[in-house]
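Engineer: Residue numbers (the working numbering): 167 to 252.
Don't be surprised by glycine CBs; every beta carbon is placed ideally from N, CA and C.
Written out as structure tokens, the structure is:
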């Protein structure tokens, strides 16, 4: 059973490989997160991707197609994340 959509804001976060600080953040829409679930399989108990998930470079072509975010920065590691909506 899939739980109802939570009231959250999803983001694509880029962290520096050098110092692990957040360098970039982009909002992900509900429709985009649904499509991303086909690229990054969420944990069975996390259908709405509320946990953080790594976005490896080998899936980036699919991520770019969904998010229209351009090429990845080679100095960053990327993850999805979620936080409570305001």
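1) For residue 247, which residues does DSSP report across the bridge?
2) Pick out whichever of 194, 173, 250 and 226 has its Cα sitting closest to the Cα of residue 240.
3) In or out: residue 236 buried (at least 16 other Cβ within 10 Å) or exposed?
4) Residues in the same chain with beta-carbon distance under 7 Å from residue 234, minus the five sequence neighbours each way, listed in chain order, please.
5) Taking the continuous alpha helix (DSSP H) assigned at residue 200, which residues delimit it?
Structural biologist: Let me lay it out:
1) Along the chain shown, one-based indexing puts residue 247 at 81. Answer by DSSP bridge pairing, in chain order: 177.
2) In the chain shown, counting from the first residue as 1, residue 240 sits at position 74. Ranked by Cα distance from residue 240, the first of 194, 173, 250 and 226 is 226.
3) Against the chain shown, residue 236 aligns to sequence position 70. Counting Cβ neighbours within 10 Å, residue 236 comes out exposed, since fewer than 16 surround it.
4) Here residue 234 refers to the residue found at position 68 of the chain shown. Once the five neighbours on either side are set aside, residue 234 has no close Cβ partner at all.
5) As a working note, residue 200 is residue 34 in the chain shown. Its alpha helix (DSSP H) spans residues 196-202.
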